[in-house]
Each structure stands twice: as C-alpha cells, then as structure tokens.
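Presented below is the structure to which this report refers.
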Amino acid sequence: MNARTSLEIIAPTVEEAIAQGLAQLGLTADAVNVEVLDAGSKGLFGLGKAQVRVRLTVNQPGGAQAVEAGPAVPELEAEPLDQTRVSSSHAQDEPASVPESESTPEHDLLLDRTEAVVSKLIHLMGLKAQVSAQYGETDRDDRRYINVDVRGDDLSVLIGRRSETLNAFQYIASLIIGRETEQFVQLVVDVEGYRDRREKQLIQMAKRVADQVAKNGRKQTLEPMPAAERRIIHIALRDHPAVITESTGEEPYRKVVIYPKEG
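So in this note's numbering, spot 184 of the sequence shown is number 178, and the numbers just go up one at a time.
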C-alpha cells in the first residue's frame, strides 16, 4: 500500500478530484475517507465554476496485519455463526439506504438526478452508455437502494479488476448525488448484468467452501471483499445446516470466515 496517509487534490469538480486522488494513492474508494474542504460553486459537477479542494485520508486498520489469503474467487470477464453471529455480521455489512418517501414526484426527481450524474460521469470517462435508475425492493426498515443499470459497448474499463473500478465509480456517484440532494444516497451500479453474474459466482463458491468446512471441520477464511459481496456470502449460507459465517478485519481487508457449527 502507498505509504502516504492523506492527500489534498484541487480540481474543477469533486468527482475529478476524488478520481485523481485515488489514482495517485493507488487505492480504491472504500479504502479512503473523503472530505470536501472547498466545494466551489454549485451546478452539475461544478463544471466551468470555481475549483474544489478535496482531502483523501487512507483508512488505517486497527494495527498492521498481514492479509490472509483465503480461497480465491475467479474473476468474471466483462461480457458485451450460530445464527446470532450471522445476524450481527450481516447487519454490519448492510449499508444504510435511501429512506422511502410518500412523494412520488420527489422520487422521480431523485431518479432523474441519479441518471444525470451517472451519465455525466460516464461521458467524462470518454464512454457512451444508456443509463436507467429505479428503486430496489424495500428492506425491513422501509428503505430502498437505487439500482442503476448501465448498458453499452466496450464498458469493461468501467468494471475493472474484480469490480474495483465499478465500486469506486459507484462510491463517487453516490457522493455527488448526496451532496446535490443533501441526503445520503446508496447506489448499486451494474454494468451489462455484471453484478448478477458475480453474485451467482460468489454463491457457488460460498456453498462449495461451506461443504468443505462441514466435511473437514476446519474454518476457512475467504479473500477480502467489499461489504456488498460479503453480504451475499452471509445470506447464501445463513440457512446452511453445518456452518456459520462471520466478518472479520478492517476495511479494505475485511473478509468472511466460515466456521463449522459446534455439536
């Protein structure tokens, strides 16, 4: 990891400053804390307005520790607990979402803004794509995610290695929309169905490793992965008769451990 712990970037827009900072630090968005020091003038990304100043601070783990190499999840090609343990780990890996509003027009405005921001970011990357946004299913707290579907040709650059670029893009878009609408916005950005394919792959891997744990009675630690992917593992195995799951470690090295059930 880069030895620098913080970095200030001045750029025309917030998203450009964050992108430049992540590139210089050699990190992904979930490994840093972003602070907007000077927001400049408002407007769509502040284009043509005053410069913005952003500080990126590297998240420090609770101590220097080696990353344990767990069973690797094969990369997808970008195509055109006792149960109390599961519950607590699952809750930690489940991010807050956009509160559901009774006002349909307000929902429509937020979706329109989401599509505009994501489309502009894609344009700034020199890509062409069709973008559509819709609310996901309501969770138990009556809150919704915003699902963003991106379709187009040659979008593999937007996904990146093990979706690192896509996760960073998703984070930046959420940050911009949240600043403009003055609320926390949780996006799930998908490109050409990549996340669906990745989810199926993770579920298959989780069940295979769980069967190995059940057979030999030894825990297995998976490779570090983002919170959304850890959540998929927890849900896939929460009803498994012979294993439990738990998340451990600090971001960006947090990972899932699969344990055999006692007794």
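For every residue, glycine included, the Cβ atom is placed at its ideal position computed from N, Cα and C.
Restricted to the segment 180 to 220, the alpha helix (DSSP H) segments that are unbroken, complete and at least 4 residues in length are 188 to 210, listed in chain order. Here Lys249 is buried. Its C-beta has 16 or more other C-beta atoms within 10 Å.
Under the three-state reduction of DSSP output, Thr159 falls in the helix class.
In this structure, Glu244 lies near Asn53, with their beta-carbon atoms less than 9 Å apart. Our two residues, Thr215 and Pro235, have alpha carbons roughly 19 Å apart in a direct line. Between the beta-carbon of Leu19 and that of Leu31 there is about 17 Å, and that puts the pair past the 8 Å contact cut.
Boundaries cannot be given for Glu256, as no alpha helix (DSSP H) includes it and DSSP labels it neither H nor E.
Of the other Cβ atoms in all chains shown, fewer than 16 fall within 10 Å of the Cβ of Leu103; this residue is therefore exposed. Per the coordinates, the alpha-carbon of Leu169 lies some 12 Å from the alpha-carbon of Ala13. Around the beta-carbon of Thr(-1), fewer than 16 other beta-carbon atoms lie within 10 Å, marking it exposed. Contact annotation: the segment 152 to 172 touches the segment 109 to 119, with at least three C-beta pairs closer than 8 Å. Rounded to whole angstroms, the separation of the alpha carbons of Tyr139 and Val182 is 7 Å.
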